[in-house]
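S.K.: Following this message is one structure expressed as structure tokens.
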Amino acid sequence: MEDAEIRKSRGVCSTALFLNWVGRTAEQDQEEEEKTLELSLGLPGGGRRRTACREKGKHPAVDGSVDLSLGYSTLVPNSQGKTNGSPEAVTRNALAAPNNNSSQTRSPGAPVVGWPPVRASRRNLASSSRAAALEQQNVKKAVKAEETKRAPFVKVNMDGIPIGRKIDLNAFNSYEKLSVAVDKLFRHLLAAQRDPRTEECPPEEVAISGLLDGTGEYTLVYEDYEGDRVLVGDVPWGMFVSSAKRLRVLKTSDLSSSLITSNRKRTAADC
Amino acid sequence: MSTTAPTPHPCPIPQPLPPPPIPSHSSSSSSPASGMSEAAEEPDSPPTHMSEDSSSSGDRWTPDLRGGNGGGPRSAPPDQVLENVLESVLEFLTAARDRNAASLVCRSWYRAEAQTRRELFIGNCYAVSPGRAVERFGGVRSVVLKGKPRFADFSLVPEGWGAYVQPWVAAMGRAYPRLERICLKRMTVTDDDLALVAQSFPLFKELSLVCCDGFSTLGLAIIAERCRHLKVLELIENSVEDEEDALVDWISKFPVSNTSMESLMFDCVGVPFNFEALEALVARSPSLRRLRVNHHVSLEQLRRLMARAPQLTHLGTGSFRSDAPEGGGMSVSELVPSFAASRSIVCLSGFREVNPEYLPAIYPVCGNLTSLNFSFASLNADDLIPVIRQCHKLQTFWVLDTVGDEGLRAVAETCSDLRELRVFPLDATEDSDGSVSDVGLQAISEGCRKLEYILYFCQRMTNTAVIAMSKNCPDLVVFRLCIMGRRRPDRITGEPMDEGFGSIVMNCKKLTRLSVSGLLTDKAFTYIGKYGKLIKTLSLAFSGDSDLSLQYLFEGCTRLQKLEVRDSPFSDKGLLSGLDSFYNMRFLWMNSCSLTTRGCREVAQRMPNLVVEVIREQDEMETENVDKVYLYRSLAGARSDKPKFVKVL
Chain X
23 MEDAEIRKSR GVCSTALFLN WVGRTAEQDQ EEEEKTLELS LGLPGGGRRR TACREKGKHP
83 AVDGSVDLSL GYSTLVPNSQ GKTNGSPEAV TRNALAAPNN NSSQTRSPGA PVVGWPPVRA
143 SRRNLASSSR AAALEQQNVK KAVKAEETKR APFVKVNMDG IPIGRKIDLN AFNSYEKLSV
203 AVDKLFRHLL AAQRDPRTEE CPPEEVAISG LLDGTGEYTL VYEDYEGDRV LVGDVPWGMF
263 VSSAKRLRVL KTSDLSSSLI TSNRKRTAAD C
Chain D
1161 MSTTAPTPHP CPIPQPLPPP PIPSHSSSSS SPASGMSEAA EEPDSPPTHM SEDSSSSGDR
1221 WTPDLRGGNG GGPRSAPPDQ VLENVLESVL EFLTAARDRN AASLVCRSWY RAEAQTRREL
1281 FIGNCYAVSP GRAVERFGGV RSVVLKGKPR FADFSLVPEG WGAYVQPWVA AMGRAYPRLE
1341 RICLKRMTVT DDDLALVAQS FPLFKELSLV CCDGFSTLGL AIIAERCRHL KVLELIENSV
1401 EDEEDALVDW ISKFPVSNTS MESLMFDCVG VPFNFEALEA LVARSPSLRR LRVNHHVSLE
1461 QLRRLMARAP QLTHLGTGSF RSDAPEGGGM SVSELVPSFA ASRSIVCLSG FREVNPEYLP
1521 AIYPVCGNLT SLNFSFASLN ADDLIPVIRQ CHKLQTFWVL DTVGDEGLRA VAETCSDLRE
1581 LRVFPLDATE DSDGSVSDVG LQAISEGCRK LEYILYFCQR MTNTAVIAMS KNCPDLVVFR
1641 LCIMGRRRPD RITGEPMDEG FGSIVMNCKK LTRLSVSGLL TDKAFTYIGK YGKLIKTLSL
1701 AFSGDSDLSL QYLFEGCTRL QKLEVRDSPF SDKGLLSGLD SFYNMRFLWM NSCSLTTRGC
1761 REVAQRMPNL VVEVIREQDE METENVDKVY LYRSLAGARS DKPKFVKVL
């Protein structure tokens, strides 16, 4: 049992590496998804690490989601090869993380003059009227999010995988690159999902191919702002970027019903 | 932005023969650069001005009978061939370090060098008297003067401490009628001083004021009106007197004909100004290449300015916000052509009240940008990333921590040529959340291998990340890490930050400036003393365990010139361990340590060429404990303009 857990967590470890490579992970909605997740770190005794401190933005390492903490602590990929992929190191981090707040020496006593050392022109940037203007902007932005022409980060969900990801469509300039990225994103997750009991060695990672042409086991579709599901690849890239609200990687076999919708769209585009 | 000039040797201790040189060395001549500087302490670029020299034609000559006390202000007569040759040759030496060396060869070289030095750099305005400086150097065309200690920027030096430029302008006004350029940093400059400048120097061309105070729009008007040959007026981070009812329309005072203006920077002048006058000024300034406006300029106005000056290379964009109410203003696509037409822009700044929706307008210039300053723009990662992804040539980047580790990661992925990064805190308080951490630092170190300068404000840091940076970025010259919470340890291991900083001094062999923070024991200072052999400037705050730290520093850092210490457990013993170093240093500042009057007095007594100032608050009682001490070598002795709260021991 312990072997399986280690294998699972190792798979998750390397996924985290790729998360950092490809793009931002969907921290916020993952919180919800992972509350139901049963991944654990393979501690002797199999305890699940949940930390008390789950405030957003405070300590990414303390975040309760397993792979995010992996991503943010010592597993940040670095070419020096110091990555600790072992569950033990991960455990250590997770152990250290909850203690973070208490072990840090909170500044004793009253605030001192001139500390932190920033010049007068930079003090009170946070409380200035300009910050208030920023607040206004953020509200406006949230309202305008659906109308924006800029491509935002879009969520990508894959069938059978509870954890979604987010990618920045701006980072790619073609469907090919997008397909490659999605493949890399989910390849490991997919492998990790395989039932370890039916295999004797660590699950092989199979490339997810044929996402765009319907030849693969999976197909890439997207949802636009009108709520329709459309096959990815039909419209010019720029138009796709500005209209895609979220992406889905569906099993090709499941596509029959939605294909009708997309067929209609494609026909319309062909005219 | 050019990289820092090579580090020179400090000038040796004053020799008896020839006469003691003016301690105007401390690195090569620096101009508070007109780049994007908050004017780093380090020189940004070597002095550039070798203006047409006609002084060697020897207008009037009086025999130099004064022996060793500096060459007279007249150069050699035509029949002194050797001196003429020497002067002609020495004119090619521009770096102060080389000139200082040449001046020590013999009397004749001393005189020749004194006549041909065109740029005078005085790193501490109290190190020498103005009279003595102008007496030695007769042909100066450009002066750089620095005044208050840097901690004055953080309200640690009471008002009225000093650094008045007036005696300097008065002395130079008499001695240097051909003066063309004045650069002042952290000095008090009044409107009267500016009037004296305008009056004294008919050929005046360049005025650069950085972190100064004391002047208002009236002084600016005088400069604009009377300096007919003005090319450069750069006002950077000054504290401009601002009386709404006494505002002067200074922009209208520039010459009505075409001007020779090349650079106009006034983003720190916080008061409103006459925009139409500025637009007209830009239109009649064909040489204008650098323009930085204040936040009273809207996007609509910016567009008008850019239409008048498509040849700009450096642009400070003002507020970067539309002046129209919600939704009524210009659209992004209406702004794009302005940037598309400005093919020469390499440096962008401003964005003081940025509306991120308009950022895409700058895309046309992003690919050419070498310098981008978002440090007053509250942008998050989503705002930044589409922009930064296009800035492949970026070498200098200033930003607020609101972009987070994620934003920094995007920088690391795109800007492989980055040389300078400064990450400022939106909320500069000790308990703020702080949006960047060791994660961002590590990412930067991996992507930006050519990094030479980093200033990083954060709340969470690890030794691992700092060590990674030390290994990934071996070209680092300046490493300033500010962990804002006092004495914070490594956020993961809970250990002091000794190993991280130790690794920096060990691996970054070119390091000349270091600022430390976080929990640090004496061990960190054993490393710094042992490996920091090139360090010239060192800033400590809330660091160290005992006087041993100071001892290690003074013993090990043989090139140390400027040391700033605050709130650290150092006593008189630590102070006294530096006696052998003080003459090689420009200054030492210590506040809120454990010093006493007795200890400071002992330093003063044993070091006659050192001025030891004990600074109290305005109405503080005199006690044995010393809260602030500022000591510096000087040929001028105790200054005559010190206020009541300063005591010179």
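One line per chain: the protein sequences are X and D, in this order.
Quick note on numbering: my numbering labels position 254 of the first sequence as 276, and the sequence is numbered without any gaps.
Quick note on numbering: my numbering labels position 396 of the second sequence as 1556, and the sequence is numbered without any gaps.
Backbone N, C-alpha and C fix where the C-beta goes; we use that ideal spot for every residue, glycine too.
These figures come from a predicted structure and were not determined experimentally.
Looking at the structure shown, is E1659 of chain D part of a helix, part of a strand, or coil, going by DSSP?
M.R.: Here the question's residue 1659 of chain D lines up with position 499 in the second sequence. Of the three classes helix, strand and coil, the one that applies to E1659 of chain D here is helix, per DSSP.
S.K.: What alpha helix (DSSP H) runs, 4 residues minimum, are completely inside the segment 1736–1772 of chain D?
M.R.: Counting whole runs of 4 or more residues, the segment 1736–1772 of chain D contains the alpha helix (DSSP H) stretches 1757–1766.
S.K.: For W1810 of chain D, name the three-state secondary structure that DSSP assigns.
M.R.: Outside the modelled stretch of chain D, which goes from 1161 to 1809, sits residue 1810 of chain D, for which no answer is possible.
S.K.: Between D:L1680, D:R1651, D:R1640 and D:D1682, which lies nearest to C1668 of chain D when the distance is taken from Cα to Cα?
M.R.: As a first step, residue 1668 of chain D is located in the second sequence; it is residue number 508 there, counting from the start. Ranking the options by Cα distance to C1668 of chain D, first place goes to D:R1640.
S.K.: Note down, in chain order, each residue of its chain lying with its Cβ closer than 6 Å to the Cβ of S1738 of chain D, except the 5 sequence neighbours on either side.
M.R.: As a working mapping, residue 1738 of chain D is identified with position 578 in the second sequence. Going by the sequence as given, residue 1738 of chain D is Gly instead of Ser. Same-chain partners within the cutoff: F1714.
S.K.: According to the neighbour-count rule (16 or more other Cβ atoms, all chains shown, within 10 Å of its Cβ), is S1423 of chain D buried or exposed?
M.R.: As a working note, residue 1423 of chain D is residue 263 in the second sequence. Buried, because 16 or more other Cβ atoms sit within 10 Å of the Cβ of S1423 of chain D.
S.K.: Where G1298 of chain D and R1648 of chain D are concerned, what is the direct C-alpha to C-alpha distance, given to the nearest angstrom?
M.R.: In the second sequence, counting from the first residue as 1, residue 1298 of chain D sits at position 138. In the second sequence, counting from the first residue as 1, residue 1648 of chain D sits at position 488. Roughly 53 Å separates the two Cα atoms.
S.K.: Using a cut-off of 7 Å between C-beta atoms, extract the partners of M1644 of chain D located in chain X.
M.R.: Within the second sequence, numbered from 1, the residue matching residue 1644 of chain D stands at position 484. Near M1644 of chain D (Cβ distances below 7 Å), the residues of chain X are P138.
S.K.: Run through DSSP, which three-state label would C1507 of chain D get?
M.R.: Along the second sequence, one-based indexing puts residue 1507 of chain D at 347. In this structure, C1507 of chain D counts as strand in the three-state DSSP scheme.
S.K.: Assuming F1480 of chain D contacts F1511 of chain D (C-beta within less than 8 Å), just tell me the rounded distance between them.
M.R.: Here the question's residue 1480 of chain D lines up with position 320 in the second sequence. Here the question's residue 1511 of chain D lines up with position 351 in the second sequence. About 5 Å separates the two Cβ atoms, so the contact holds.
S.K.: Determine, for A1588 of chain D, whether the minimum Cβ-Cβ distance to residues of chain X falls below 7 Å.
M.R.: For the purposes of this step, residue 1588 of chain D is identified with residue 428 of the second sequence, where counting begins at 1. Closer than 7 Å: yes.
S.K.: Which term fits Y247 of chain X, buried or exposed, when burial requires 16 or more other beta carbons within 10 angstroms of its beta carbon?
M.R.: Indexing the first sequence from 1 puts residue 247 of chain X at position 225. Exposed, by the Cβ-count rule.
S.K.: Could you check if R187 of chain X is buried or exposed, using at least 16 other CB atoms within 10 Å of its CB as the buried criterion?
M.R.: Counted from its first residue, the first sequence places residue 187 of chain X at position 165. Label assigned to R187 of chain X: buried.
S.K.: Measure from the C-beta of S1315 of chain D to each C-beta in chain X and report whether the shortest distance is under 7 Å.
M.R.: Taking the second sequence and counting its residues from 1, one reaches residue 1315 of chain D at position 155. At least one chain X Cβ lies under 7 Å of S1315 of chain D.
S.K.: Can you list the alpha helix (DSSP H) stretches of 4 or more residues lying completely in the segment 1512–1546 of chain D, in chain order?
M.R.: The segment 1512–1546 of chain D contains these whole alpha helix (DSSP H) runs: 1523–1526.
S.K.: From the DSSP output, in three-state form, read off Y1792 of chain D for me.
M.R.: Position 632 of the second sequence, counted from the start, is the residue given in the question as residue 1792 of chain D. Correct three-state label for Y1792 of chain D: strand.
S.K.: Can you confirm whether P1309 of chain D, when its beta carbon is compared against all beta carbons of chain X, has any partner nearer than 7 Å?
M.R.: Position 149 of the second sequence, counted from the start, is the residue given in the question as residue 1309 of chain D. False, the Cβ-Cβ gap to chain X never drops below 7 Å.
S.K.: Mind checking R144 of chain X: buried by the 16 CB within 10 Å criterion, or exposed?
M.R.: If you number the first sequence from 1, residue 144 of chain X lands on position 122. With 16 or more Cβ atoms within 10 Å of its Cβ, R144 of chain X is classed as buried.
S.K.: The beta strand (DSSP E) with I1396 of chain D in it runs from where to where?
M.R.: Along the second sequence, read from residue 1 onward, the residue named residue 1396 of chain D stands at position 236. Residues V1392 to I1396.
S.K.: Assign R1799 of chain D to one of three DSSP states: helix, strand, or coil.
M.R.: In the second sequence, the residue the question calls residue 1799 of chain D occupies position 639. DSSP places R1799 of chain D in coil when its eight states are reduced to three.
S.K.: In chain order, what residues of the same chain lie with their CB nearer than 6 Å to the CB of Q1602 of chain D, ignoring the 5 residues before and after it?
M.R.: Taking the second sequence and counting its residues from 1, the one referred to as residue 1602 of chain D is at position 442. A1625 and A1628.
S.K.: For Y1691 of chain D, which of helix, strand or coil comes out of DSSP?
M.R.: In the second sequence, residue 1691 of chain D corresponds to position 531, counting from 1. In this structure, Y1691 of chain D counts as helix in the three-state DSSP scheme.
S.K.: Using a C-beta to C-beta distance shorter than 8 Å, which residues of chain D count as neighbours of R141 of chain X?
M.R.: Translated into positions along the first sequence, residue 141 of chain X becomes position 119. Per Cβ cutoff of 8 Å: E1198, D1313, F1314, C1371 and E1397.
S.K.: So with CB distances below 8 Å, who are the chain X contacts of I1664 of chain D?
M.R.: As a first step, residue 1664 of chain D is located in the second sequence; it is residue number 504 there, counting from the start. Neighbours of I1664 of chain D on chain X: none; closest Cβ ~16 Å, over 8 Å.
S.K.: Looking at C-alpha atoms only, which residue of D:I1505, D:L1462, D:A1469 and D:G1678 is the closest neighbour of V1492 of chain D?
M.R.: Here residue 1492 of chain D corresponds to residue number 332 of the second sequence, with the count starting at 1. With distances taken between Cα atoms, V1492 of chain D lies closest to D:L1462.
S.K.: Do you know offhand how far V257 of chain X's Cα is from A266 of chain X's?
M.R.: As a position in the first sequence, residue 257 of chain X is number 235, starting the count at 1. As a position in the first sequence, residue 266 of chain X is number 244, starting the count at 1. Approximately 11 Å, taken between the alpha carbons.
S.K.: First and last residue of the beta strand (DSSP E) that includes E1366 of chain D?
M.R.: One-based indexing of the second sequence puts residue 1366 of chain D at position 206. Looking at the DSSP string, the run of the beta strand (DSSP E) that includes E1366 of chain D is E1366 to V1370.
S.K.: With a threshold of 7 Å between beta-carbons, can F1584 of chain D be considered close to chain X, or not?
M.R.: Here residue 1584 of chain D is taken as the residue at index 424 of the second sequence, counted from 1. Output row for F1584 of chain D: interface = yes.
S.K.: Taking C-beta to C-beta, are S1703 of chain D and V1676 of chain D nearer than 7 Å?
M.R.: Start at 1 with the first residue of the second sequence, and residue 1703 of chain D comes out as number 543. Start at 1 with the first residue of the second sequence, and residue 1676 of chain D comes out as number 516. Going by C-beta atoms, S1703 of chain D is nearer than 7 Å to V1676 of chain D.
S.K.: Could you list which residues in chain X have their beta carbon closer than 8 Å to that of F1617 of chain D, in chain order?
M.R.: As a position in the second sequence, residue 1617 of chain D is number 457, starting the count at 1. Near F1617 of chain D (Cβ distances below 8 Å), the residues of chain X are P138 and V140.
S.K.: I need the straight-line Cα distance from E198 of chain X to G236 of chain X, nearest angstrom please.
M.R.: In the first sequence, counting from the first residue as 1, residue 198 of chain X sits at position 176. In the first sequence, counting from the first residue as 1, residue 236 of chain X sits at position 214. About 14 Å.
S.K.: Rounding to the nearest angstrom, what Cα-Cα distance links L1156 of chain D and C1608 of chain D in this structure?
M.R.: Outside the shown range of chain D (1161 to 1809) lies residue 1156 of chain D, about which nothing can therefore be said.
S.K.: Ignoring anything shorter than 4 residues or poking outside the segment 1242–1306 of chain D, list the alpha helix (DSSP H) runs there in chain order.
M.R.: Listed in chain order, they are 1256–1263, 1267–1276 and 1290–1296.
S.K.: Leaving aside the five residues before and after D1427 of chain D along the sequence, list all residues of the same chain whose C-beta is less than 6 Å from its C-beta, in chain order.
M.R.: Taking the second sequence and counting its residues from 1, the one referred to as residue 1427 of chain D is at position 267. Around D1427 of chain D: R1452, N1454 and G1476.
S.K.: Give the residues from the segment 174–200 of chain X that approach chain D closer than 8 Å (Cβ to any Cβ), ordered along the chain.
M.R.: Within the segment 174–200 of chain X, the residues whose Cβ lies closer than 8 Å to some Cβ of chain D are P174, F175, D190, N192 and A193, listed in chain order.
S.K.: Within a Cβ cutoff of 6 Å, which residues of the same chain sit near S201 of chain X, ignoring the five residues on either side of it in sequence?
M.R.: For the purposes of this step, residue 201 of chain X is taken as residue 179 along the first sequence, with counting starting at 1. So the qualifying residues of the chain are L233 and L234.
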